[in-house]
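Asker: Quick one: structure below, then a few questions.
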Amino acid sequence: MILNSKENYPLLSKILIIFSFILILHFWFFHGSSLGSDNKSFSKVREIEISGLKSTEAKVGFKEIKVNQNLLGLPISVAGERFEHGILAHAPSKIVFLNQGRFKYFKAKIGIDDEGGGRGEVRFLILLDGNLAFTSEVIRGGSPVSPLLLNIRKANKVELVVNELGKYDYDFSVWCEPEFLNQIPKEWSTASLSKPESKSELKLDENKLWDTGNKTFPNQKGLFLWNIIVAIVYIIILTFVILKRRSILSNILKLKKYLVRPEVYILLLSAILSFWIFIPFWKQGLPVGWDAGQHYLRCWLMKNLFLSNFKLDGWSPYWYLGIQQFLFYSPFVYILVSLLHFFTFQLLPLLICYKIFYFLIYFVLPFACYWLMRQFKVDPLPSSIAALGVPSFSAIHGLGIEGLFIPGLFAQGFGILIFCFALGSLRKLKDYGGKNVLLMGLVIGILFISHIITSLYFGFCLLIFIAFNIYSGDKKNLFRIFTALVLGILISLFALWPAFNFRDLRGPEIGWGDFNFINDILEGKYFGPSLLNIFSILGFIILFFLKEKETKIIAFLAILTYLVASWKLVLLDSGIFSDIFRQVYKTHTFPYLAIYFIMFLGIFLQFFINVFSYIFSISITLNGKKATNQILAIVIICLVLVVTYNSFKRLSFLKGYVKVDSDFSNSKRKSIIEGFQWLEQNTPQNIVVAFDDRWETFGEIGFNQFASQINLFANRYTLQGNQIEATCANNTEVGKKFAEWPPQKLFEKLTRYNVSYLYTWNDDAMRNLSQHPELFRLVYFNGISSIWQLINYDFYYISNNVKIIKFFFSPERIKWEVLNKEKNNRIIAAIAYHPKWKLYINGIQTKIDKTDDHLITFSLPESESLYAIDLRFEKTFFEIVFNIISFVTFFVILFLVIKL
1240 MILNSKENYP
1250 LLSKILIIFS
1260 FILILHFWFF
1270 HGSSLGSDNK
1280 SFSKVREIEI
1290 SGLKSTEAKV
1300 GFKEIKVNQN
1310 LLGLPISVAG
1320 ERFEHGILAH
1330 APSKIVFLNQ
1340 GRFKYFKAKI
1350 GIDDEGGGRG
1360 EVRFLILLDG
1370 NLAFTSEVIR
1380 GGSPVSPLLL
1390 NIRKANKVEL
1400 VVNELGKYDY
1410 DFSVWCEPEF
1420 LNQIPKEWST
1430 ASLSKPESKS
1440 ELKLDENKLW
1450 DTGNKTFPNQ
1460 KGLFLWNIIV
1470 AIVYIIILTF
1480 VILKRRSILS
1490 NILKLKKYLV
1500 RPEVYILLLS
1510 AILSFWIFIP
1520 FWKQGLPVGW
1530 DAGQHYLRCW
1540 LMKNLFLSNF
1550 KLDGWSPYWY
1560 LGIQQFLFYS
1570 PFVYILVSLL
1580 HFFTFQLLPL
1590 LICYKIFYFL
1600 IYFVLPFACY
1610 WLMRQFKVDP
1620 LPSSIAALGV
1630 PSFSAIHGLG
1640 IEGLFIPGLF
1650 AQGFGILIFC
1660 FALGSLRKLK
1670 DYGGKNVLLM
1680 GLVIGILFIS
1690 HIITSLYFGF
1700 CLLIFIAFNI
1710 YSGDKKNLFR
1720 IFTALVLGIL
1730 ISLFALWPAF
1740 NFRDLRGPEI
1750 GWGDFNFIND
1760 ILEGKYFGPS
1770 LLNIFSILGF
1780 IILFFLKEKE
1790 TKIIAFLAIL
1800 TYLVASWKLV
1810 LLDSGIFSDI
1820 FRQVYKTHTF
1830 PYLAIYFIMF
1840 LGIFLQFFIN
1850 VFSYIFSISI
1860 TLNGKKATNQ
1870 ILAIVIICLV
1880 LVVTYNSFKR
1890 LSFLKGYVKV
1900 DSDFSNSKRK
1910 SIIEGFQWLE
1920 QNTPQNIVVA
1930 FDDRWETFGE
1940 IGFNQFASQI
1950 NLFANRYTLQ
1960 GNQIEATCAN
1970 NTEVGKKFAE
1980 WPPQKLFEKL
1990 TRYNVSYLYT
2000 WNDDAMRNLS
2010 QHPELFRLVY
2020 FNGISSIWQL
2030 INYDFYYISN
2040 NVKIIKFFFS
2050 PERIKWEVLN
2060 KEKNNRIIAA
2070 IAYHPKWKLY
2080 INGIQTKIDK
2090 TDDHLITFSL
2100 PESESLYAID
2110 LRFEKTFFEI
2120 VFNIISFVTF
2130 FVILFLVIKL
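Residues in the sequence shown are numbered consecutively from 1240, following the working numbering.
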């Protein structure tokens, strides 16, 4: 290809350096002030007036705001009902008024104009002085208007906001008959306001049921010992650097030759995009997302509960009455986050370490995709241009902005990153073999201990490569693949064996709904921007005409993956193979399809550049090769501009998802944090808290970390019903029944699970609990959040007619001294069953059974006797052996890879 000639590099590199500098200035000066803004770009519109109060700011997401008419000039109509007055503003929109004490109330009717033909989906919000005061349910096209009346007497600034909910189409939101008032209209009663009812009847009782329990973790001696270990490691590294300083310096100087290569600067543009999109992320607070808080909690547990005791896994009481924390959540990325914290001598906060890895998952992916394309024989320039589009690619399960900030799939994002290196290493074996077998084994092992679903999917890819090598008769490469696979399994034995051996403990899978897959891709709503997706599809077609057989495997993988995702290719009803494939079908496979789309994009760009290279080499005779290279340089710049523009356009939409929980700092959230603080200061550490599990009452994604924040902010255990895929021991219904169940039934259920406090913010739940003051006592109330205590019950994790004499609680060991009150008493322990629990009664090992709801149960044979009960979570013999094998294999291979 003519473009690869060396004399063309300086020209292209100089142009790209200038372009990179211009792009940095553009982001800094023109987009820096809007980095934390809503997820759509607004258009400014004219001034709006309601009840004589003029707006100070008015923005709309599509066309313009209309008063008393829709965009077609017709009267406003919602579900067939016409309104004489109203403000139509296509979502996302924002209208700001300065009240300054003039009015006491705001009323309106909200809905979507019939102009959308019954389509559209939005949420209305009202902010008072920057705090969220009203949030509607999801409003859909064709639904009747919903009336609202809000008390604004203390607010200076009133913001009327409408958020679109993803699709952006036909969101013709309307504030019908809006008015600012000083008196409540006759048709409204005081009950219509957002103030809770009947709370004056609830009495506060600050009495505590029991004293503070045992605080046994983290192991402070272990944390101190880690500082010593880190200091020794740094001394060894420093010694090595001093001894090898000349060779290290010479290797650094060799990097200068890459500074004239244009792909370096194209990848730099990708880095700029990644930095830009993540600027709002570095504000104080946890990343938002359904699982983001849970993943940070696992980092916290890895540091405080396991690594401080020099373990990689164990029993954790922080998740539904206790589970083996990393049984179905692979531990490697959490180990890395904790090690970064340790290797800064614990001075860099763990949350910052977590955020650094969160960012790196996104930042490194373009470079990983570039390397992956290079292994499949795509040239450097098209590979780098395709990598430039990677920041704009998303898939709901772990890839890109949507995957990291909507479901918050931190671990899967890391697994996808390692998957790129594993797939590239698999291809590299074909051409290089030798020492790459060791490297491939290391990467496979790391993948297997990084994310279980991604490793299962990579196993699927391995089968395809093995089948291809058997078909082509390449026994040498087949041997290399099997050798690398064996090495990878040996490295990951410590995690794979428990996951396989205790697979019956896994809870039911939680999946995602279907997508209008093809249309969403063509319209740029899924994967990458529309134009880049179309280029990728063309690249997929071009792939079939290439001579490189190994590269065609990607097309075959993509086809099979799509079949698994959309048609449930595996229809087995039972057995281990069904259990495995259930984890990777449907939307779970979409991130890997997106990776293939990026590779197809690189193939298309290579074809495009080669076609131009061929045309110019034939048609241009003036000045010969030099003119050809100059024109091709212009073609490359145009491709870079096209990819950058399309990526930036999609990222402008996606950056609205890049938020932390402090972005949701309103009065409701503040009241919840205050409740956490009360729990931490006034309750024992080893209590269990049940919380209201009705998420729809919050209305914002930032609140969906409620369970993990009780763990993190209050350092208390929770009865989590909503996170159930990691354990079959769960009761999802309890948290949703605070208002529906009779208090007596609720009390019986909660005492069975050793729950001693309830947390709710809903009026219906508070009214229900207050009906039986002999069962539930209100111990904390701040106007929004309330905490209730179960009374007349001893919360020591066991029940059924025994008297507790002594009680000791620590991670992985719980001891009781009890007086049994009846013969053949069947004891139920409010601890999730696991085969690794061993029970000793008066020093004699006793059999453990499990109840129908997966709790531990055992018998005390005699009546009126004193028993010492000792429950221990112990490692099995095979786990100890496999831990040693994994540890030795990992460090031996790592040493050999570095040495070679």
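For each residue, glycine too, the CB sits at the ideal point set by N, CA and C. Only a predicted model underlies this, so the values are computations on that prediction, with no experimental measurement involved.
Out of V1682, H2093, V1377 and S1385, state which residue places its alpha-carbon closest to the alpha-carbon of D1743.
Answerer: Taking only the C-alpha atoms, the option nearest D1743 is H2093.
Asker: Identify every residue that forms a DSSP beta bridge with H1329.
Answerer: Answer by DSSP bridge pairing, in chain order: F1411.
Asker: Are the CB atoms of P1519 and K1888 nearer to each other than 8 Å?
Answerer: No, the pair does not count as a contact, with Cβ atoms beyond the cut-off.
Asker: Using the C-alpha atoms, what's the distance from R1537 back to G1652?
Answerer: Approximately 15 Å between the Cα atoms of the pair.
Asker: State yes or no: is the C-beta of N2039 within less than 8 Å of the C-beta of S2102?
Answerer: No.
Asker: I want to know whether the region 1520–1533 touches the region 1641–1657 - three or more CB-CB distances under 8 Å.
Answerer: Judged by Cβ distances under 8 Å, the region 1520–1533 makes contact with the region 1641–1657, as three or more pairs qualify.
Asker: Classify G1356: buried if its beta carbon has 16 or more other beta carbons within 10 angstroms, exposed otherwise.
Answerer: Exposed, since its Cβ has fewer than 16 Cβ neighbours within 10 Å.
Asker: Beta carbon of P1383, beta carbon of A1318: below 8 Å?
Answerer: Yes.
Asker: Can you tell me which of V1881, Y2035 and D2109 puts its alpha carbon nearest to the alpha carbon of L1770?
Answerer: Per the Cα distances, V1881.
Asker: Among I1351, R1358 and E1398, whose alpha-carbon lies nearest the alpha-carbon of F1373?
Answerer: Here the closest residue by C-alpha is E1398.
Asker: Measure the CB-CB distance between R1379 and G1359 and report whether it falls below 8 Å.
Answerer: In this structure, G1359 lies closer than 8 Å to R1379 by Cβ.
Asker: Would you kindly check if the distance between the Cβ of I2132 and the Cβ of L1681 is under 8 Å?
Answerer: Cβ distance < 8 Å, so L1681 and I2132 count as in contact.
Asker: Could you tell me which residues DSSP puts in a beta bridge with F1336?
Answerer: BP columns for F1336 point to S1294 and V1397.
Asker: Taking just the CA atoms, how far does D1932 sit from L1371?
Answerer: When rounded, the distance between both Cα atoms is 21 Å.
Asker: Can you find the residues in the same chain that come closer than 8 Å, C-beta to C-beta, to V1603, ignoring five residues on each side of it along the sequence?
Answerer: The answer, listed in chain order, is L1656.
Asker: By the 10 Å Cβ neighbour count, where 16 or more other Cβ atoms means buried, how is F2129 classified, buried or exposed?
Answerer: Looking at its Cβ environment, which holds 16 or more other Cβ atoms inside 10 Å, F2129 is buried.
Asker: Since A1347 and L1387 are thought to touch, with beta carbons under 8 Å apart, how far apart are those beta carbons, to the nearest angstrom?
Answerer: The Cβ separation is near 6 Å, so the contact holds.
Asker: Out of C1608, Y1559 and N1466, point me to the one whose CA is closest to K1542's CA.
Answerer: With distances taken between Cα atoms, K1542 lies closest to N1466.
Asker: From the DSSP output, which residues share a beta bridge with F1363?
Answerer: In DSSP, F1363 forms a bridge with V1401.
Asker: Among the candidates V2057, S1513, K1975 and M1679, whose CA atom is the shortest distance from the CA of I1595?
Answerer: The residue with the shortest Cα to Cα distance from I1595 is S1513.
Asker: With 8 Å as the threshold, decide whether the Cβ of F1721 is near any Cβ in chain B.
Answerer: Reference to chain B is not applicable here, since this structure consists of a single protein chain.
Asker: In the structure shown, what three-state DSSP assignment does R1742 receive?
Answerer: Helix at R1742.
Asker: Answer yes if the region 1620–1633 comes into contact with the region 1577–1591, meaning at least three C-beta pairs across the two stretches below 8 Å, and no otherwise.
Answerer: As far as the Cβ criterion goes, the region 1577–1591 does not touch the region 1620–1633, which means the pair count is below three.
Asker: Along the chain, where does the alpha helix (DSSP H) containing Y1609 start, and where does it finish?
Answerer: Y1609 -> alpha helix (DSSP H) spans L1589 to Q1614.
Asker: Is P1619 helix, strand or coil when you go by DSSP?
Answerer: P1619: helix per DSSP, three-state reduction.
Asker: Can you pull the DSSP bridge partners for P1526?
Answerer: Answer by DSSP bridge pairing, in chain order: V1899.
Asker: Ends of the alpha helix (DSSP H) at N1772?
Answerer: Per DSSP, N1772 belongs to the alpha helix (DSSP H) from S1769 to L1782.
Asker: Taking all protein chains shown into account, do 16 or more other C-beta atoms lie within 10 angstroms of the C-beta of P1737, making it buried, or fewer, making it exposed?
Answerer: The residue in question, P1737, is buried, as its Cβ has 16 or more Cβ neighbours within 10 Å.
Asker: Quick check on the burial criterion: 16 or more other C-beta atoms within 10 angstroms. Buried or exposed for F1479?
Answerer: The residue in question, F1479, is exposed, as its Cβ has fewer than 16 Cβ neighbours within 10 Å.
Asker: Looking only at C-alpha atoms, which of L1997, N2031 and I2023 sits nearest to L2013?
Answerer: The question names Leu, yet the displayed sequence has Glu at residue 2013. It is N2031.
Asker: Ignore the nearest five residues each way along the sequence and tell me which others in L2135's own chain have a CB closer than 7 Å to its CB.
Answerer: L1677, listed in sequence order.
Asker: Note the first and the last residue of the continuous alpha helix (DSSP H) segment covering D1713.
Answerer: Here D1713 belongs to no alpha helix (DSSP H), and DSSP marks it neither H nor E.
Asker: Nearest-angstrom Cα distance between F1699 and T1790?
Answerer: Looking at the two C-alpha atoms, the distance is approximately 17 Å.
Asker: To the nearest whole angstrom, what separates the beta carbons of T1693 and L1686, a pair I think is in contact under 8 Å?
Answerer: Between L1686 and T1693 the Cβ distance is about 7 Å, and since that is below 8 Å, they are a contact.
Asker: Hey, L1611 and S2125 are a contact pair by Cβ (cut 8 Å); roughly how many whole angstroms apart?
Answerer: That pair is no contact at about 27 Å.
Asker: A1394 and D1368: beta carbons closer than 8 Å?
Answerer: Taking 8 Å as the Cβ cut-off, A1394 and D1368 qualify as a contacting pair.
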